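Read the structure below first, then the notes.
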Amino acid sequence: MVAPGLRLGAERLFEMPAVLERLSRSNSTSQAFAEVLRLPKQQLRKLLYPLQEVERFLAPDRRQDLHLRIFDPSPEDIARADKVFTATEGNRIDYVSSAVRIDHAPDLFRPEVCFIGRSNVGKSSLIKALFSLAPEVEVRVSKKPGHTKKMNFFKVGKHFTVVDMPGYGYRAPEDFVDMVETYLKERRNLKRTFLLVDSVVGIQKTDNIAIEMCEEFALPYVIVLTKIDKSSKGHLLKQVLQIQKFVNTKTQGCFPQLFPVSAVTFSGIHLLRCFIASVTGNLD
Numbered sequence: 062m063v064a065p066g067l068r069l070g071a072e073r074l075f076e077m078p079a080v081l082e083r084l085s086r087s088n089s090t091s092q093a094f095a096e097v098l099r100l101p102k103q104q105l106r107k108l109l110y111p112l113q114e115v116e117r118f119l120a121p122d123r124r125q126d127l128h129l130r131i132f133d134p135s136p137e138d139i140a141r142a143d144k145v146f147t148a149t150e151g152n153r154i155d156y157v158s159s160a161v162r163i164d165h166a167p168d169l170f171r172p173e174v175c176f177i178g179r180s181n182v183g184k185s186s187l188i189k190a191l192f193s194l195a196p197e198v199e200v201r202v203s204k205k206p207g208h209t210k211k212m213n214f215f216k217v218g219k220h221f222t223v224v225d226m227p228g229y230g231y232r233a234p235e236d237f238v239d240m241v242e243t244y245l246k247e248r249r250n251l252k253r254t255f256l257l258v259d260s261v262v263g264i265q266k267t268d269n270i271a272i273e274m275c276e277e278f279a280l281p282y283v284i285v286l287t288k289i290d291k292s293s294k295g296h297l298l299k300q301v302l303q304i305q306k307f308v309n310t311k312t313q314g315c316f317p318q319l320f321p322v323s324a325v326t327f328s329g330i331h332l333l334r335c336f337i338a339s340v341t342g343n344l345d
């Protein structure tokens with residue numbers, strides 16, 4: 062499930078200053094990531110590995126409850142993934158089109174990932190944060206729940222496609238289930254579904270719509286915890302443990318490791334970019 066060579070991990074990031082020095086001076090490292098590497102150690106850990114920041118507040122015998130080392134990329138891999146998400150003349154990142162039915166979706170043969178979640182979970186904001194290295198890409202974000210009514214397709218160079226799905230629950234499109242169920246069931250190049258859960262409120266009954274579809278169709282999916290900037294450390298820790306227990310005991314196709322993120326502070330964004338690059342075959 063994880064690309065080879067991605068187990069050097071966070072420990073290496075903080076135990077080998079020479080790695081950071083080499084990356085900071087490397088021509089292959091984006092200027093934005095070079096600036097990230099200059100952050101103080103604690104701030105850097107919080108930005109790149111927010112789940113490990115939560116882990117610090119657990120008793121040692123509880124830390125095994127969190128699957129922190131399944132996807133544990135090296136700083137070099139994170140830098141390479143940032144390059145994939147950086148718009149250049151040779152790596153165009155663009156909105157492609159929208160569709161309300163699978164037969165209206167663009168025929169894109171590159172690997173594809175989709176983002177799905179409850180209305181107002183912060184889905185479009187997260188995608189905009191992922192595309193922050195391509196500022197010309199327009200990802201429409203609204204304060205009103207249920208803003209996304211169609212499947213919106215974005216291409217990331219020749220690497221993969223990102224799909225912003227309509228939200229479910231409040232103000233969901235009337236044909237939401239037919240639209241999304243058909244997409245999840247028939248889209249052959251779909252490599253991973255990212256299920257967004259609000260870290261403030263945790264898994265809701267409406268989230269079972271997406272979970273049941275992914276489980277029924279045996280699709281590999283990942284739970285991303287959004288809005289972690291709005292949760293206290295204690296509340297976030299409680300939600301993480303509850304959701305981790307749910308993943309461990311109630312799911313079959315869900316990736317064991319959770320991905321906490323904030324579209325405001327960008328915490329966890331670099332790691333999520335790296336995971337997307339990995340599952341679409343761009344870190345092999």
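Numbered according to the working numbering, the sequence shown terminates at residue 345, and the numbering increases by one at each position without gaps. Note that the Cβ used here is the ideal one computed from N, Cα and C, for glycine as well. For clarity, every value in this text was computed on a predicted model and none was experimentally measured.
Exercise. Looking at C-beta atoms only, is the number of pairs between the stretch 288–306 and the stretch 330–345 that lie closer than 8 Å three or more?
Worked result: No, the stretch 288–306 does not touch the stretch 330–345.
Exercise. What's the gap between the Cα of valine 325 and the Cα of phenylalanine 176?
Worked result: As a working note, residue 325 is residue 264 in the sequence shown. As a working note, residue 176 is residue 115 in the sequence shown. If you take the alpha carbons of valine 325 and phenylalanine 176, they lie about 18 Å apart.
Problem set entry | Buried or exposed by the 16-neighbour rule on C-beta atoms within 10 Å, applied to alanine 279 | Here residue 279 refers to the residue found at position 218 when the sequence shown is read from its first residue. So alanine 279 counts as exposed.
Exercise. Counting along the chain, where does the beta strand (DSSP E) carrying glutamate 173 start and finish?
Worked result: Residue 173 sits at position 112 when you count from the first residue of the sequence shown. 173–178 is the extent of the beta strand (DSSP E) around glutamate 173.
Exercise. What three-state label does DSSP hand arginine 117 in the structure shown?
Worked result: Sequence index remark: in the sequence shown, residue 117 carries index 56 (1-based). Coil at arginine 117, not helix or strand.
Exercise. Going by DSSP, what residues sit across from tyrosine 156 in a beta bridge?
Worked result: The residue labelled residue 156 in the question sits at position 95 within the sequence shown. Paired residue(s): Phe215.
For this session: Out of Asp225, Leu297, Phe94 and Ile264, point me to the one whose CA is closest to leucine 119's CA.
Result: Taking the sequence shown and counting its residues from 1, one reaches residue 119 at position 58. Nearest option by C-alpha distance: Leu297.
Exercise. Serine 323: buried (16+ other C-beta within 10 angstroms of its C-beta) or exposed?
Worked result: As a first step, residue 323 is located in the sequence shown; it is residue number 262 there, counting from the start. Serine 323 comes out buried.
For this session: Within its chain, find whatever has a CB closer than 6 Å to the CB of leucine 251; leave out the 5 residues flanking it on each side and keep chain order.
Result: Along the sequence shown, one-based indexing puts residue 251 at 190. For leucine 251, where only same-chain residues beyond five positions count, the Cβ hits under 6 Å are Glu173.
Problem set entry | Coil, strand or helix - threonine 243 by DSSP | Working through the sequence shown from its first residue, we reach residue 243 at position 182. Reduced to three states, the DSSP call for threonine 243 is helix.
For this session: Whole angstroms is fine: what's the gap from proline 196's alpha carbon to isoleucine 188's?
Result: Mapped onto the sequence shown, residue 196 falls at position 135. Mapped onto the sequence shown, residue 188 falls at position 127. Spanning the two alpha carbons is a distance of roughly 12 Å.
Exercise. Is isoleucine 139 helix, strand or coil when you go by DSSP?
Worked result: Taking the first residue of the sequence shown as 1, we reach residue 139 at position 78. Of the three classes helix, strand and coil, the one that applies to isoleucine 139 here is helix, per DSSP.
Exercise. CA-CA distance, phenylalanine 146 and glycine 178?
Worked result: By one-based count along the sequence shown, residue 146 stands at place 85. By one-based count along the sequence shown, residue 178 stands at place 117. The alpha-carbon atoms of phenylalanine 146 and glycine 178 are separated by roughly 22 Å.
Problem set entry | Assumed close pair glutamate 273, glycine 314 - CB separation to whole angstroms, cut-off 8 Å | Position 212 of the sequence shown, counted from the first residue, corresponds to residue 273. Position 253 of the sequence shown, counted from the first residue, corresponds to residue 314. Rounded, the Cβ-Cβ distance is 11 Å, inconsistent with contact.
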